[in-house]
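The structure appears right after this line, and notes come after that.
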Amino acid sequence: MDNEQPHQELVKCVVVGDTAVGKTRLICARACNKHVSLSQLMTTHVPTVWAIDQYRIYKDVLERSWEVVDGVNVSLRLWDTFGDHEKDRRFAYGRSDVVLLCFSITNPISLRNCGAMWYPEIRAPRKSDLVMPDQGRALAHELGIYYYETSVFTYYGVNEVFENAIRAALIARRQQRFWMTNLKRVQRPLLQAPFRPPRPMEPEVAVVNSTYLENMTTLLRQQYFSDMVIICGAKGFPVHRFMMAAACEAFHRLLANECVSLSAELARSSSESSMVSSMGDATTGEFNEDTEYLIRQDQAKQMRVWDQIKRRSSCQILPLSDSCKKPPDLYREVNHPAILSIRVVKCDKIQHATSQTQTIVTMSKLISQTVMQEIINFTYTGGLDSSAFKQQEIRQAAEMLGFHELTKLSQFILDEHLLFDKGFMLQFHTPLPQRLRDMYVERSLFADVTFDLDDGIHLAHRAVLMARCDPMKAMFQGHFRESTSRVISFPGVKMYAFHILLSYIYSDKIPAVDPNRCLELLELANRLCMNRLVNLVEARVIDQLQQRDRVCGNDDQVVEIALSLLEPVKLHNAHHLADWCTWRLCGAYDRVCRARHLSAASRDYLSDNRYPPVWYVKEFDYYQKCVNEQSKEQKELRPTTSLQANQQTGCLCFTSKVRRDSEPAPDVTTALCRSSEVTHQHQPTAPL
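Okay, so the sequence shown: first residue is 1 according to full-length UniProt numbering, each after it adds one.
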């Protein structure tokens, strides 16, 4: 199609019908804006056709093809056809969008031809129109000829059909030239093994792109539940203890030892009455009984859970102190070249979504504000600002703080004398998410929230949950009871699924997933609207099932797992896993066709897409039957190989010496006829 414009839909319309019904005049009336007079209609019909190149030659014809239909810009291209040129007419149907079927009200035969001839011709082929091999073989058997199939797309049978055509020709020639020895070993046309269609491609999981760095950047900018302030000169940087402890060894030792001891002293300084009061309000905060829960809790379990938390992490969750008019704080100097002191302050009135206990760390003059800002940016985002980049100062500060990844990156940039892009810098940032998982998912250091699960409790950090999960952000930042509760009941969730969820939240990766327990994890990920986690679980489960297929060799277990997962995973939007299970079950249709718990739609799909297909199974059975019959015939016709038989065997009409001495020589004409009869006995009724 020529002159196609952007933002314009091009519609190809083919006009068909009997000769002399007015197809060409209809097209000319629309394309050329011409009215046909009565005298023109009464003239004798002369077969004509309207050429498609009119749109390229005449600008006015092209402009008249443009119009706006329901707000859509359309260019209508009309294609005329000869009513009596069947072979030429079929070329016009290619890539047509619509076909106009025309008839004349003065010719009833043209109306009957619309249904009898034109509609079958213009109708697009369907699956039921395909000719199956048994239909072609039945016609070949009726005609007494051989049947072969070929495909130029897959190159199936191309050489085979011509080789057997040569065999048929040579056999016919051997009947006429029986004395030619080179034609003796020519076989009759061979059987053709049925074409086994290739198995459909195994579905692949399209994993949603990671937003880990974007989420951590949001965590830095929004300062969700920040519990640490780093003082450099006259400027303070609000950060999170768990992030800085994972990045720098100096902060890890400081926060894990000094801060915990100070927090314990700070907790002991609170009165007993305020501690009891805070325990009673641990799960309700300042809300009354009418306040809405985002996650429905079991009130009877809360006190038992609080007792477990006190025994497990008494130094991690600090009680509120409402009786003290002035919040207490504790101070301690630190013997470190980069850190001067640490102070733990407990605040009464702080803004929402901010930790009540703040850890203030004062840095020495060896670390400037700009360098500290770059260290914090690299910790959260994995990048450095090239405009404010000071290689030597950052390397020295990172070395003093024990930030090994940043030290290596700075040294590499100093050695190469250039600044690499962010993708290169991320290679040095990769170990940090893994350390977050190892330090906080397994050991729950610096945790500030506890989840009460069906089979236990698990600690986490509100800040990273809010940054990585939107429902968690709404729960902790919105006007729900969970926003101030220290214990959050999470019914329907078990430790196994929640542990993998936290591994994903902290490190953006998940460990191996047991296919038998993947449903609870998929349900949790879908419940929290985490599409990437759903994709990662799908990929892990598929990898596990593929490995079992390769290692075990017995795929019965894989088929059973796929059969049990097919219907439930659809409820949790695990469509890639559902497609893989369907693909796997199509290859084992004989074992799953009688499964009763499958839906009717799934059974119909498996039946229509089973592999190998039904027609191939029938063809292969027929091929095996023919091979067995042919081998049986060859055994019956196989000549004896004894020495006496070889001595009495002659060539054509000439007998051997032993036979010539013992028997009278037969007539030559009789021998030739007998040889011809034997030859005809083993030939098909007709050549290819």
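The C-beta atom is built at its ideal place from N, Cα and C for all residues, glycine as well.
In the three-state reduction of the DSSP assignment, I342 falls in the strand class, which pools E and B. Between E393 and V361, the C-beta gap is not smaller than 7 Å, which leaves the two residues out of contact.
Of all alpha-carbon atoms in R584, L565 and N113, the one lying nearest the alpha-carbon of L606 is that of R584. Beta-bridge annotation (DSSP): L78 is paired with C13. Contact annotation, V11 with V74: C-beta distance approximately 6 Å; criterion of less than 8 Å satisfied. A residue is called buried when at least 16 other Cβ atoms come within 10 angstroms of its Cβ; M201 does not meet this threshold and is exposed. A Cβ-Cβ distance of about 17 Å is found for the pair D227 and S341, leaving them out of contact under the 8 Å criterion.
Residue D590 holds the alpha-carbon nearest to the alpha-carbon of L563 among V537, D590 and A539. For the stretch 188 to 251, the continuous alpha helix (DSSP H) assignments of 4+ residues that do not extend past its boundaries occur at 212 to 222 and 241 to 247, in sequence order.
About 6 Å separates the beta carbons of E160 and Q192, which is inside the 8 Å limit, making them a contact pair.
Partner residues in a beta bridge of A138, as assigned by DSSP, do not exist.
Secondary structure at F103: coil, using DSSP grouped into helix, strand and coil.
Apart from the 5 residues on each side of it in sequence, L577 sits with its Cβ closer than 7 Å to the Cβ of E538, V541, I542, L565 and V569 in its chain, given in chain order.
Listed in chain order, the non-local C-beta contacts of A256 below 8 Å within the same chain comprise A245 and L445, local neighbours out to five positions each way being set aside. For F424, the uninterrupted alpha helix (DSSP H) segment begins and ends at K422 to H429.
Scanning V186, V344 and R174 for the CA closest to the CA of L254 turns up V344. About 6 Å separates the CB atoms of S503 and P511; that is less than 8 Å, so the two are in contact. Secondary structure at D452: strand, using DSSP grouped into helix, strand and coil. The residue from E560, I230 and R112 with its alpha-carbon nearest to that of V21 is R112.
When the beta-carbon positions are compared, I171 and V158 stay at least 7 Å from each other.
In this structure, W615 is the residue among C626, K635 and W615 with its C-alpha nearest to the C-alpha of V131.
The C-beta distance from M495 to D455 rounds to 5 Å, short enough to fall under 8 Å. A contact is defined here as three or more CB-CB pairs under 8 Å, and the stretch 208 to 220 meets this definition with respect to the stretch 526 to 533. Here the stretch 465 to 478 does not lie against the stretch 165 to 182, with fewer than 3 beta-carbon pairs under 8 Å apart. Sequence-distant Cβ neighbours of I561 in its own chain, meaning closer than 6 Å and more than five residues away, are P515. DSSP places V361 inside the beta strand (DSSP E), whose first and last residues are T357 to M363. For G144 and D18, the gap between their C-alpha atoms comes out near 39 Å. Judged by their CB atoms, L101 and W118 are nearer to each other than the 7 Å cut-off. One Cα belongs to S368, the other to Q391, and the distance between them is close to 13 Å. Boundaries for W179: no alpha helix (DSSP H) harbours it, and the DSSP string shows neither H nor E there.
DSSP places E393 in the uninterrupted alpha helix (DSSP H) bounded by Q391 to L401. If the five residues before and after P471 are omitted, its C-beta is found closer than 7 Å to the C-beta atoms of L528 and C529, all from its own chain and listed in chain order. Looking at G383, F403 and C28, the one whose alpha-carbon comes closest to that of H252 is F403.
Between L453 and I505 a beta carbon distance of about 15 Å is seen, past the 8 Å cut, so the two are scored as non-contacting. Annotation for A247: T379, F403 and L432 place their beta carbon closer than 7 Å to its own, counting only its chain and skipping 5 residues before and after. Rounded to the nearest angstrom, the gap between the Cα atoms of Y55 and D97 is 18 Å.
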